[in-house]
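Sequence lines, in order, name chains H and U. 91 is the number that our numbering gives to position 69 of the first sequence; each next residue is one higher, with no gaps. 278 is the number that our numbering gives to position 256 of the second sequence; each next residue is one higher, with no gaps. Note that beta-carbon positions come from the ideal geometry of N, C-alpha and C, so glycine has one too. Model, not experiment: these values are computed from the prediction. A short write-up of the structure that comes next.
There are 2 protein chains.
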Amino acid sequence: MFEIIRRDGLARIGKFTTKSGKTMETPALLPVVNPKIRTVEPRELYDRFGFRALITNSYIIRNTPKLKEEAQEKGLHELLDFPGVIMTDSGTFQSHMYGEVEVTNEEIVEFQKSIGTDIGTVLDIFTEPDWSHEKTKRSLETTLERTRQACDMKGDMMINGVVQGSVYTDLREYSASAMATMDVDVHPIGGVVPLMEQYRYAELVDVVMASKKGLNPSRPVHLFGCGHPMLLALATLMGCDLFDSASYALYARDDRLMDVTGTHRLQDMQSLDCNCPACRGISIEELRRMDKSKRSKLIAEHNLYQITEELATVRRYLREGRLWELAEIRCRSHPALLDGLRRLREYQDQMEFYDPISREGAVFYTGPESRNRPVYRRYLDRLGTRYVPPTRKAALFEDTQGKPYSRPYAEQFAKARRAGYTPIVVSPWGPVPAELDEMYPLAQSLFPSIPDAETETESERLTFLFMQKAGFETVIEGDKVPDDGTEEFDADKLRAKAVARYQFGNEAAEALFREPVELVTSRKTGKIRNVISDGEHVLSMRAGDGMYTLRMEGAKRIVSAVPAPHMRVAVSDDAVPFVSEGKNVFCQFVLSCDPEVRPMEEVIVTDKDDKPIATGRAFLIESEMRQMRKGMAVKVRSGSDDE
Amino acid sequence: MFEIIRRDGLARIGKFTTKSGKTMETPALLPVVNPKIRTVEPRELYDRFGFRALITNSYIIRNTPKLKEEAQEKGLHELLDFPGVIMTDSGTFQSHMYGEVEVTNEEIVEFQKSIGTDIGTVLDIFTEPDWSHEKTKRSLETTLERTRQACDMKGDMMINGVVQGSVYTDLREYSASAMATMDVDVHPIGGVVPLMEQYRYAELVDVVMASKKGLNPSRPVHLFGCGHPMLLALATLMGCDLFDSASYALYARDDRLMDVTGTHRLQDMQSLDCNCPACRGISIEELRRMDKSKRSKLIAEHNLYQITEELATVRRYLREGRLWELAEIRCRSHPALLDGLRRLREYQDQMEFYDPISREGAVFYTGPESRNRPVYRRYLDRLGTRYVPPTRKAALFEDTQGKPYSRPYAEQFAKARRAGYTPIVVSPWGPVPAELDEMYPLAQSLFPSIPDAETETESERLTFLFMQKAGFETVIEGDKVPDDGTEEFDADKLRAKAVARYQFGNEAAEALFREPVELVTSRKTGKIRNVISDGEHVLSMRAGDGMYTLRMEGAKRIVSAVPAPHMRVAVSDDAVPFVSEGKNVFCQFVLSCDPEVRPMEEVIVTDKDDKPIATGRAFLIESEMRQMRKGMAVKVRSGSDDE
C-alpha cells in the first residue's frame with residue numbers, strides 16, 4: 023500500500039497505492055473541494071495542476087439531497103468528474119466549527135462506502151486545544167471505539183484513523199499507538215487547525231512528533247488541515263506525507279494570497295509581481311479591479327500554484343538530503359515558525375534514529391538552529407562512546423576554513439603527534455580529533471567564518487566536556503606544542519581504526535583490525551582506500567564521505583567477534599538464495615534487525631542462524647523493517663556467492 | 023537625473039533619467055549582451071522580460087570591423103535593436119581577464135560617444151583582490167585621471183566613474199570620495215567579480231560599504247558584475263541601485279541554472295520542477311535531451327526569469343520596509359552569504375543614519391543576525407542618551423508575548439510604581455522601560471518565544487549596563503515588589519514625556535512639556551492622543567507607532583528653546599511662500615539641515631533666519647538633501663499659514 027522510495031530522516035518520498043489500484047507519490051497535497059462551491063473544477067485540479075488526489079466532504083453531500091442522490095447513483099468520481107484518489111471527510115470538522123453533527127459514525131462510514139470513496143474517514147471527535155486532559159482522554163476512547171467499528175465495516179474502502187489528543191503529548195502518543203494496531207490505512211493527525219490558525223507552531227511540533235512516535239511507519243501520515251506553503255517543509259521534515267488545503271479557496275474568497283513567506287491581504291499589498299501561471303502579466307491594480315468571482319478564481323489558482331511549487335521544492339530538497347536546510351530557511355519567515363523549528367531541538371534524539379549516517383551533499387549551516395539537527399547529536403554521541411584517544415595529551419587547534427583540517431594543519435598535526443599530543447580541532451561541531459576529520463559530516467560541512475556567540479560558547483563547552491570524558495590528562499594550545507618530539511606515529515592507521523570504531527563500534531573495530539594490518543592508499547590523493555587485515559581485504563573507504571564499506575571478509579569477522587544483533591539484518595530462508603546472489607533485501611523477508619542500525623548504515627545480512635550471507639546498506643531502520651509490508655530494507659552490495 | 027522615490031535605509035527605489043530622456047526604475051538589472059553571441063535577442067529582453075536597460079561591450083564592437091562599421095553608421099540602438107537605455111563597458115573587464123587591452127582611454131570614450139551609447143564607461147584599471155595596497159593606490163590615480171579626462175570629453179553621453187580599490191576599505195572610500203566630486207553620472211563599484219566568484223561575501227560587504235561612505239547619493243550606484251539572484255537582496259540593502267548579469271548566458275552555455283538559493287548544475291539536479299515561464303511543463307529529462315543551443319537558450323531564459331522575479335521581490339520588500347528580513351532569509355542559502363550578512367554588523371553605525379525612525383510594518387526577528395539591524399542600535403543609543411528614569415529604583419520583568427507589555431503587566435506595573443519602582447522589561451531589544459513600550463519598534467516587533475542563547479545573554483548584559491548608566495540604585499525582580507506602596511504617579515504623563523525625550527531630545531521635550539500639561543486620551547483605547555501644554559496643542563500621537571507628530575505650536579517652542587540646527591531644515595526665500603502653505607520641501611531649495619535628522623523623523627522647516635514656517639517628516643537626511651538635485655526632501659504636514 024505504501025512504500026518508501028527516498029528518505030531524509032523522518033521525511034520520505036513514498037508511493038501510495040489505494041485498494042482501487044490508484045497510485046500517487048507522496049509528499050502530496052489534496053485540495054479540498056466543497057461539493058457545493060467548486061472554486062476550481064476538480065477536472066482542472068487534475069489536468070492543469072497535476073493533483074492526483076483531493077478531499078471532499080461526505081457529510082455535506084449526505085445532507086444535500088440532490089448531491090446525495092447523484093453521488094449514490096453515479097458514484098463520487100463521476101459526481102466530481104475527478105479520476106484520481108478521492109478522500110472524504112466525515113463531518114468531524116463541521117462538529118468543530120458548528121457543534122454537534124446529526125449523523126452516527128456507522129451511518130457516515132456506510133455512506134462513504136456507498137458513494138465509492140477511495141479513503142473514508144471515521145467520525146472522530148475533534149479535540150480542541152483548550153480541552154482538559156481528562157475530557158480529551160475520554161473523547162479519545164470514543165474515537166478509538168468508532169475507529170474499530172469503521173475498520174470492521176470498511177470493505178474495499180480504505181479508512182482514515184485519526185490521531186487526536188489536543189495538545190497533550192502523552193495522549194497523542196497513546197492515540198497514535200492505538201491507531202497503529204488497528205486495521206486503518208492512513209494516519210491523519212487531527213485537531214491541529216486551531217494551533218495553525220493561532221500560530222502555535224511550537225505546540226504543533228509537539229503534537230506531530232508525539233504522534234509520529236506511536237504511528238505505524240508503513241502507513242502515510244496526513245497532517246489534517248495543513249496546506250499552507252510556508253509549513254510544508256517543516257511538516258514534511260517531521261515525517262508527514264499528506265496534506266490538504268481548503269484555504270487556497272477560502273483565502274481566495276477573502277482576497278488573501280499565500281506564498282512560502284505567509285499570507286498577504288490584497289488590500290495591503292504594494293505590488294503583485296508574481297510569475298506564477300495564474301498571475302503572470304497581471305498588475306495589482308488589474309487584480310483589484312477584476313470582478314469578484316474572476317478574482318477569487320485567479321487567487322485560488324495562485325494559491326494552488328504556490329502549493330505545487332513549494333511541494334516540488336520540498337521533494338527536491340528531500341531527494342538531495344537537504345530538507346533540514348529548506349525548513350530552516352522557510353521558518354525564518356515568521357518568528358512563530360522559528361519557534362516551531364526551535365522546538366524540534368527537544369526531539370533531536372527521536373529524529374536521530376531516522377537520520378542517515380551519511381548524505382551525498384554537504385551540511386550547510388544556516389544559523390544556531392542548525393545545531394538542532396540530529397546529525398550534530400549523532401556525532402557527539404558516537405564521539406563520546408566510540409572514540410579512543412591514542413595518547414593522554416591533547417593539543418587544541420582553531421577551526422579553519424580549509425577542510426579536512428589535516429590538510430592546512432599537516433605540519434602542525436605531525437609536530438603535535440611527534441610530541442605525543444593528539445591534535446583536536448575546536449570546531450562548530452564541537453571537538454574534532456584529527457583522526458576523524460575526513461569523515462562525514464566533519465569534512466562535508468560549511469560554516470560561516472564569522473561565528474555566532476552561541477556556537478562559539480557551545481563548541482568550547484563541548485570540547486571541555488570531551489577532554490574530561492575521553493580522559494586527556496594534559497591539554498595545551500596547538501601553538502604551544504614543543505618542537506622536539508620524537509614519538510613515532512602512523513597517521514593513516516590512527517585514522518583507519520578511529521573511523522572503524524566510529525562506524526562499527528569498538529568491538530567490531532578490534533576484530534577488523536587484527537594484526538598484521540596493511541593499508542592501501544590512493545596514489546593520487548594519498549587517502550586510505552582498503553584495509554587488509556591478516557591478509558584479508560575487510561574494508562574499503564569511500565572517497566566521498568570518508569566512511570567504510572564492509573566487505574564479506576569483514577562481515578564474517580564481526581559476526582564471529584560480536585554477538586548478534588550487532589549490525590545484523592536476519593532474513594527468512596526463502597530470501598537466502600537471492601540475497602546470497604547479491605539481490606536486495608525486501609521488508610517482507612526480514613526476520614529481525616539490530617535496533618541500533620541507522621539509515622544508510624553498513625549492515626551484515628544473515629540467515630536465521632546468524633550466518634552472514636551478504637553486506638549492504640540499510641535503507642530502513644528496525645521499526646520500519648518490522649512494520650513495512652513493501653519495499654527495500656537493505657541495499658545489498660555483495661552476497662556471499664560473489665566472493 | 024536620479025530621484026529617490028521610496029527608501030528602506032540605504033536601499034532605495036529610484037527614478038533614473040538619462041540625458042537622452044529615457045527613464046528607468048531602480049533597483050534594476052542590466053543583462054549583458056555580447057554583441058557577437060546574442061543568446062537572447064535584445065528586443066526580447068525588452069518586450070518579453072521587461073528589461074529597460076542593457077550593457078554591451080564597446081571594446082568588442084570596436085575590435086570587430088563589421089560591428090564597428092554598423093554601429094558607427096546606424097548607432098548602437100539600431101545595431102542591437104533595443105529601444106531602452108544602453109550602457110557600454112570599456113574593455114576594463116577584458117584587461118582583467120586577458121591582461122592588457124589595445125586601446126587608450128581617449129579612444130574608447132570617443133568611440134562610445136560615436137556609436138550613441140547612453141552611458142559610457144571610463145577605461146578604469148581593474149584592481150585585483152590580491153594586489154598590494156601600494157599597487158592599488160597607484161592604479162587608482164590613473165583611473166581618477168582617466169575619469170577626469172572622460173568627464174571633459176563626455177558631451178551628451180553619460181559617464182560611469184568606476185570606484186576601484188581592491189579589498190582596501192580606505193582606498194575604496196578614497197576612490198569613492200574622489201568620484202563623488204567629479205562630473206560622472208553613475209557610480210559603478212568595480213573589481214568585485216573575483217570576490218563573488220570566490221564566495222568572499224564578507225569582503226564584498228566591506229568593499230560596498232566603504233564605497234557607499236564616499237559616494238554621492240544623488241547618483242545611482244552600480245555593483246559591476248553582480249547579477250546573481252541570491253545576492254540582489256543583500257546588495258540592494260547596502261544601497262546598490264544597478265546590477266548586471268553576463269552569467270545568465272554564460273552559465274546557461276555551461277548548463278548551470280540560477281535561483282535565489284544558488285547555482286545548480288544540470289547534471290547534479292534531481293528534478294526541475296520550475297514554474298517559471300521558460301521551464302513550466304518541462305521535465306529534467308526533456309531538458310537534458312534538448313539540443314545544446316535550444317537548451318542554452320531555455321536555461322538563459324530561466325536565469326533571466328529568476329532575476330526578474332527576485333528583483334520584483336526585492337522591490338516589494340523594500341516598499342514594505344522589510345528588506346532586512348528578505349536579505350536575512352536569502353543569506354541563509356550559503357554559509358558564505360551568512361558571513362556577508364554577519365559582516366554588516368560592523369556597519370551598523372553607518373547604516374543607522376539612513377534607517378527610518380519608524381516603519382509601517384512590524385520588525386520580524388529571523389535569528390541572532392537580526393540584532394545587526396540599525397534599528398537595534400538606534401534604540402539602545404537613544405535609550406542611553408535620552409532616557410531619564412523617573413525614580414532611582416528599578417523592577418525587572420520578564421519579556422512576555424503580549425505587547426505592549428503594559429497591557430499584560432498592567433497590575434504589576436502599577437504596583438511597582440506605587441512602591442516607587444520603575445518597571446523595566448528585559449526583552450530581546452535589551453531593557454525596555456514601561457514608559458516606552460508602546461513606541462516603535464518595541465511594540466511593533468515579533469520574536470520567537472523560545473529565545474536563542476545569544477539574544478538572552480546580550481539582553482541581560484545590556485540591561486545590566488543600562489541599570490548602571492541610567493543611575494538606578496536599587497534593582498529587584500518584578501515579583502519581589504512590596505505590596506504596600508503609596509507613591510502617586512501618572513503613567514500617561516510619564517509615557518508622554520519619555521516618548522518626547524526619545525524622539526526630540528531632552529531639551530526639546532522640556533520646552534514641549536511646559537506646565538500645566540494636559541493629555542487628551544482616546545476614549546476607546548485609552549491611549550494618548552494630544553499633548554496640550556500651557557494651553558497650546560503642541561503634539562499629537564500616532565496610534566500605529568506610538569510616536570508624535572509635531573504641531574506648529576510645538577515647533578515654535580522648540581525653535582525658541584533649542585538652538586539651530588536641532589530638528590531644522592532651512593529653506594531658501596523662494597520656497598518660503600509655498601512651504602508656508604503646506605507644500606512639500608524639495609532638495610534644490612534646502613539651505614541646511616540638522617545632520618542628526620533621520621529619515622521619517624519630525625522636522626521643523628524654517629526660513630533662512632530660523633523662523634519656523636512648517637512641520638513635516640524628513641524623507642532624506644542631511645547629506646542627501648545637500649547633494650540630491652531632485653526630489654522631495656521633507657513631506658510637509660502643515661505650514662504656518664494653515665494655523
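Residue 367 of chain U carries a helical assignment under DSSP once its states are collapsed to helix, strand and coil. Between the beta-carbon of residue 64 of chain H and that of residue 103 of chain H there is about 6 Å, and that keeps the pair under the 8 Å contact cut.
Residue 310 of chain H and residue 101 of chain H have their C-alpha atoms roughly 34 Å apart. Listed in chain order, the non-local C-beta contacts of residue 459 of chain U below 8 Å within the same chain comprise 425, 426, 427, 428, 447 and 465, local neighbours out to five positions each way being set aside. Less than 7 Å divides the Cβ of residue 198 of chain U from the Cβ of residue 237 of chain U. DSSP places residue 211 of chain U inside the beta strand (DSSP E), whose first and last residues are 209 to 211. The C-beta of residue 376 of chain H comes no closer than 7 Å to any C-beta of chain U.
At a cut-off of 7 Å between beta carbons, residue 476 of chain H contacts chain U. Contact annotation: residue 179 of chain U and residue 135 of chain U have beta-carbon atoms nearer than 7 Å.
Beta-bridge analysis with DSSP links residue 55 of chain H to H/78. Annotation for residue 408 of chain U: the continuous alpha helix (DSSP H) segment containing it runs 396 to 408. Residue range 612 to 615 is occupied by the beta strand (DSSP E) that includes residue 613 of chain H. Closest in C-alpha terms to residue 131 of chain U, from the list U/339, U/140, U/662 and U/145, comes U/145. A straight line joining the alpha-carbon of residue 300 of chain U with that of residue 629 of chain U spans about 57 Å.
For residue 504 of chain H, no Cβ of chain U is located within less than 7 Å of the residue's own Cβ. Annotation: residue 32 of chain H is outside any alpha helix (DSSP H) and is labelled neither H nor E by DSSP.
A straight line joining the alpha-carbon of residue 485 of chain H with that of residue 478 of chain U spans about 23 Å. Residue 350 of chain U places its beta carbon less than 7 Å from that of residue 388 of chain U.
For the 7 Å CB-CB criterion, residue 48 of chain H and residue 242 of chain H form a contact. 7 Å or more divides the Cβ of residue 345 of chain U from the Cβ of residue 353 of chain U.
Scanning the stretch 568 to 652 of chain U from its first residue to its last, the whole beta strand (DSSP E) runs of 3-plus residues come out as 570 to 572, 590 to 593, 612 to 615, 624 to 628 and 634 to 640. In the pairwise beta carbon analysis, the stretch 391 to 407 of chain H is classified as touching the stretch 371 to 381 of chain H: at least three pairs are separated by under 8 Å.
When the Cα atoms are used, residue 133 of chain U and residue 43 of chain U turn out to be separated by approximately 21 Å. In terms of CA proximity to residue 421 of chain H, H/472 leads the group H/472, H/371, H/443 and H/415.
Considering only U/80, U/273, U/565 and U/270, the residue with the shortest C-alpha distance to residue 545 of chain U is U/565. For residue 73 of chain U, no CB of chain H lies under 7 Å from its own CB, so it is not counted at the interface with that chain. Sequence-distant Cβ neighbours of residue 383 of chain U in its own chain, meaning closer than 6 Å and more than five residues away, are 342, 343 and 344.
The Cβ atoms of residue 187 of chain H and residue 169 of chain H do not sit closer than 7 Å to each other. Three or more pairs of CB atoms, one per stretch, sit closer than 8 Å, so the stretch 357 to 372 of chain H contacts the stretch 220 to 227 of chain H. C-alpha of residue 434 of chain H to C-alpha of residue 511 of chain H: approximately 14 Å in a straight line.
Here DSSP, grouped into helix, strand and coil, assigns residue 321 of chain H to helix.
Annotated as proximal: residue 500 of chain H and residue 418 of chain H, with beta-carbon spacing under 7 Å.
Contact annotation for residue 298 of chain U against chain H: 297 [CB-CB distance below 8 Å, chain order]. Taking a Cβ-Cβ cut-off of 7 Å, residue 639 of chain U has no neighbours in chain H, whose nearest Cβ is about 19 Å from it. Residues of the stretch 323 to 340 of chain H that bring their beta carbon within less than 8 Å of a beta carbon in chain U comprise 327, 330, 331, 334, 335, 337 and 338, in sequence order.
Counting only the Cα atoms, residue 84 of chain H lies some 25 Å from residue 150 of chain H.
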